[in-house]
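Protein chains in written order, with the numbering used here: chain A, 1 to 372; chain B, 1 to 483.
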């Protein structure tokens, strides 16, 4: 395995690459579906390079363990607000997630509905493109429209445009108090209505999930103590038509439940293929109905549907004709190969994406085939 | 500011090009008489003017597509225009270009409260997006100062911000999807009402691309429920350092105000003389606003005033009513008008790390003396976005050039301390030649290549964003016309 210790060495490696490189952060998302080539780890590019709590800014090298970033932030009562998921349980992998991996896969959790995705918190990148050139874009300030926003483009590009070497984030304060309102016995339709009503309220809901298997519908509130009290009370009134919620105020218990939603842990080790479907929330009931008896977890007010199906199932073929996309997150390599990890794009967009990959990586050495 | 020499061949074919455009558009949508095209000769960067070859005002995506096909075949550059409020010259024409104005496309296509989005045509003004949903208690968060006039198309082009982005983010964080026409006339749909458009984040790179990658004709925007209430506190300090430290302490304490505005003494004095808002005569003034229910506002404001008191403010004024809130905001909202009353001004837009604020303000003060031009600073302190307003006299020989040189020095200073040239206005022509101070050749090349993919002939707004020398070989002038 290649493990450059700095950006310059990484640049040399990419320049000298004679075949595909398989780029790896902590390896917690496992090998990519179409993985081949020489393994290239970013683990040697590690460390927080700048952290200014008073400016809500953190800059870290791409191979920095996520846990190290989160620990540094926690010391100042701050956090990565987008709540990145930990794939290890779901995928049965080991290793340490890295901050670069989080960016490369644009990994976000339940709070995405309120504060945005990883890409929204990302304010700067440095990367080595497929030519071996070191490119920087954005920086360390949260308002920046200087030139094209390649920062967003790099987020979720799965290493196909460049190997990230450094990433900058806007971080947010941790909230001192939290609560989960849990409603029981609702159908998927009613649950989505409830979550829409909650998200359409002024009470700044930071989590909105439904577990159809348990018929449990969860709404999270975070903030100062008195504010959480107030919002729990007001939301309970606004949502009274859906029943009386159980209210959990113990911070550890609240965190535990939402970690489970974040990590889709209900699918851990169950042998199914796991898909992640993004639709607008009001389309979600039709999606869930179309999946028949599939095991399902709904997050983002219904806009994110996790589904577990029998291995090899072409879930996309089962979906009703609504806008959105389905990604295969866990499945055998053959299934990834046969069905494609990512939802097929319309031809003009696929052409643009292919064009961008060809410009950033003309020799096709960076994770070729990972995205199409 | 240099612009490329217009293509004589295009100028010579004006009649033919206009005729072709008239074939695909209603008669009143093609503006080509010289006395009429003058209306499009500049945007809000009025120091630079040039009438276009002609202007077109399509009403539908199909018409935009037809126009672009014609221009693509004819090899004519196209400069997109929202409402023409760009302070950076983003919509400045060249004599050989077609201005494509989206002003007629201003409808609401769909409003969906259950899924919290609105889909509009891109010519709709920012404020009227909120206008379409506010009776039902919702709003569209990005709020640039020009929101009464500026179009969503321009907001997307420049990735516009506003005073409230510390909490709500800028355009890119509130944009869910677009319908966009590529230069060859192809119509593409990117994203939609669902989150996280699949594949590469094309939406993210389109937002802020200054109309160089395609013409956005429709946009799906995230709407939010209005907070129950909002209330500001005004805090005056006798030192910029202390004001900066106070901002940092507020943020560190875990409060996330919806806005933290900063004004320095020259700006306070000018606004006081103009708007009589009753501001204290001090070195630095903060307006911090929080949102929520009455109880929540009180809780947050008590944290903020508690912190402020540890910094010995010369003034601490917590609003107790809607009238008092309006009075606190009055001066800030009049700041640009107040400076304009004194003289012509140039409004800059650099961003700096908040920690560099005292140093940057000190340096700006020194440079102000060196250049002999006064400057006042208004600043979105929560996110580091500065708006130094440099006063000059447009009628005085050499003053504009001096002002531009001063402005460029301030922006270089922003970059030097770890910030950037523009936080929300965009590069346009104004900061085009400073791009090399922020990005090296490789960094720029990576951006230029993105345009190569979307617009291989470099016909869309080609003379903007990048230093002309770096885009010259791509713009290739007369060779553009498709065979």
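Positions of the beta carbon are idealized from the N, C-alpha and C atoms, including for glycine.
Cβ neighbours of residue i in the same chain (closer than 7 Å, five flanking residues each side left out)
i	result
residue 393 of chain B	343, 344 and 399
residue 1 of chain B	48 and 429
residue 363 of chain A	130
residue 242 of chain A	183, 186, 190 and 194
residue 341 of chain B	274
residue 94 of chain A	88
residue 164 of chain B	141, 143, 258 and 259
Exposure of residue i, with buried meaning 16 or more beta-carbon neighbours within 10 Å
i	result
residue 120 of chain A	buried
residue 168 of chain A	buried
residue 483 of chain B	Caution is warranted here: a pLDDT of 37 is assigned to residue 483 of chain B, below 50, making its placement in the model unreliable, and the coordinate value is therefore given only provisionally. Counting Cβ neighbours within 10 Å, residue 483 of chain B comes out exposed, since fewer than 16 surround it.
residue 479 of chain B	Only weak support exists for where residue 479 of chain B lies, its pLDDT of 49 falling under 50; the coordinates are left without a value.
residue 442 of chain B	exposed
residue 60 of chain A	buried
residue 246 of chain A	exposed
residue 312 of chain B	exposed
residue 382 of chain A	Because chain A spans 1 through 372 in this model, residue 382 of chain A falls outside it and cannot be assessed.
residue 91 of chain B	buried
residue 148 of chain B	exposed
residue 172 of chain B	buried
residue 425 of chain B	buried
residue 164 of chain A	buried
Check: residue i C-beta below 7 Å from any heavy atom of the ligand MN
i	result
residue 113 of chain B	Of the ligands one can find in the structure shown there are none, so the ligand MN has no counterpart to examine.
Contacts of residue i in chain A (Cβ-Cβ under 7 Å)
i	result
residue 261 of chain B	Result: empty, since nearest Cβ-Cβ is about 14 Å, beyond 7 Å.
residue 388 of chain B	Within chain A, no residue comes near residue 388 of chain B; the closest Cβ sits about 15 Å away, beyond 7 Å.
Partner residues on chain A for residue i, Cβ-Cβ distance less than 8 Å
i	result
residue 164 of chain B	Within chain A, no residue comes near residue 164 of chain B; the closest Cβ sits about 12 Å away, beyond 8 Å.
residue 64 of chain B	Ordered by position in chain A, no residue passes the 8 Å Cβ test against residue 64 of chain B, which lies about 15 Å from the chain.
residue 318 of chain B	Going along chain A, no residue has its Cβ under 8 Å from residue 318 of chain B, so there is no contact; the nearest lies around 17 Å.
Residues that residue i contacts on chain B, provided the C-beta gap is smaller than 7 Å
i	result
residue 119 of chain A	201 and 204
residue 53 of chain A	252
residue 279 of chain A	194
residue 352 of chain A	202, 453 and 454
residue 129 of chain A	446
residue 133 of chain A	442
residue 359 of chain A	449, 452 and 453
residue 282 of chain A	114 and 115
Per-residue contacts from residue i into chain B (C-beta, under 9 Å)
i	result
residue 342 of chain A	198 and 199
Where residue i meets chain B, residues with beta-carbon distance less than 8 Å
i	result
residue 57 of chain A	353
residue 375 of chain A	The question about residue 375 of chain A has no answer here: the residues shown for chain A are numbered 1 through 372.
residue 176 of chain A	254
residue 345 of chain A	198 and 199
Cutoff 6 Å; reference residue i; Cβ partners in own chain excluding five residues on either side
i	result
residue 244 of chain B	357 and 358
residue 481 of chain B	In this prediction, residue 481 of chain B has a pLDDT of 48, which is less than 50 and means its spatial position is unreliable; nothing more can be read from the coordinates.
residue 58 of chain A	51, 169 and 171
residue 150 of chain A	137
Contact set between residue i and chain A, taken where Cβ atoms lie within less than 9 Å
i	result
residue 248 of chain B	52, 53, 54 and 55
8 Å CB neighbourhood of residue i in its chain, flanking five on each side removed
i	result
residue 335 of chain B	263, 267, 270, 271, 376, 378 and 389
residue 94 of chain B	3, 4, 6, 50, 52, 77, 79 and 463
Give the residues from the segment 84-117 of chain B that approach chain A closer than 7 Å (Cβ to any Cβ), ordered along the chain. 113, 114, 115 and 116
Mind checking the segment 312-338 of chain A against chain B and listing, in chain order, the residues whose C-beta falls within less than 9 Å of any C-beta there? Correct list: 322, 323, 324, 325, 326 and 327.
Just by C-beta distance, which residues in the segment 137-158 of chain A are closer than 7 Å to chain B? 137, 139, 140, 141, 142, 143, 144, 145, 146, 147, 148, 149, 150, 152, 153, 155, 156 and 157
Residues of the segment 344-378 of chain B whose Cβ lies closer than 8 Å to any Cβ of chain A, in chain order: 351, 352, 353, 354 and 355
Got a sec: which bits of the segment 61-80 of chain A sit with their beta carbon under 9 Å from any beta carbon on chain B, in order along the chain? 76, 77 and 78
Closer than 7 Å, Cβ to any Cβ of chain A: which residues of the segment 439-451 of chain B, in chain order? 439, 442, 443, 446, 447, 449 and 450
Residues of the segment 101-116 of chain A whose Cβ lies closer than 9 Å to any Cβ of chain B, in chain order: 106, 108, 112, 113, 115 and 116
Unbroken stretches of the alpha helix (DSSP H), 4 residues or longer, contained in the segment 113-181 of chain A: Correct list: 118-121 and 150-154.
Anything in the segment 131-155 of chain B with a Cβ closer than 7 Å to a Cβ of chain A? List those residues in chain order, please. Contacts with chain A (Cβ-Cβ distance below 7 Å) from the segment 131-155 of chain B involve no residue at all.
Which runs of the beta strand (DSSP E) fall wholly inside the segment 289-337 of chain A and span at least 3 residues, in chain order? 295-299, 304-309 and 324-330
Which residues of the segment 195-227 of chain A have a Cβ closer than 7 Å to any Cβ of chain B? Give them in chain order. 196, 199, 200, 201, 202, 224, 226 and 227
In the segment 175-229 of chain B, which residue ranges form an unbroken alpha helix (DSSP H) of at least 4 residues, counting only runs that do not cross its ends? 202-206
Segments assigned beta strand (DSSP E), at least 3 residues, entirely inside the segment 322-407 of chain B: 344-347, 375-380 and 385-392
Within the segment 116-145 of chain B, note down every full beta strand (DSSP E) run reaching 3 residues or more, in order along the chain. 117-121
Could you give the uninterrupted runs of the alpha helix (DSSP H) lying entirely in the segment 231-294 of chain A, keeping only those of 4 residues or more? You should have 251-262 and 284-290.
Which residues, in order along the segment 238-257 of chain A, keep a beta-carbon less than 7 Å from a beta-carbon of chain B? none
Relative to chain A, which residues along the segment 413-437 of chain B have a C-beta separation below 8 Å, given in chain order? 418, 419, 420, 421, 422, 423, 424, 425, 426, 427, 431 and 435
For the segment 413-448 of chain B, which segments carrying the alpha helix (DSSP H) assignment without a break, of at least 4 residues, lie completely within its bounds, in sequence order? 435-438
Interface positions of the segment 455-471 of chain B facing chain A (Cβ-Cβ less than 7 Å), listed along the chain: For the segment 455-471 of chain B, which is checked against every Cβ of chain A, the residues closer than 7 Å are 465.
Can you list, in chain order, the stretches of the alpha helix (DSSP H) that have 4 or more residues and sit fully within the segment 265-292 of chain B? 265-275
Along the segment 14-37 of chain B, what residues have a CB closer than 8 Å to any CB found in chain A? none
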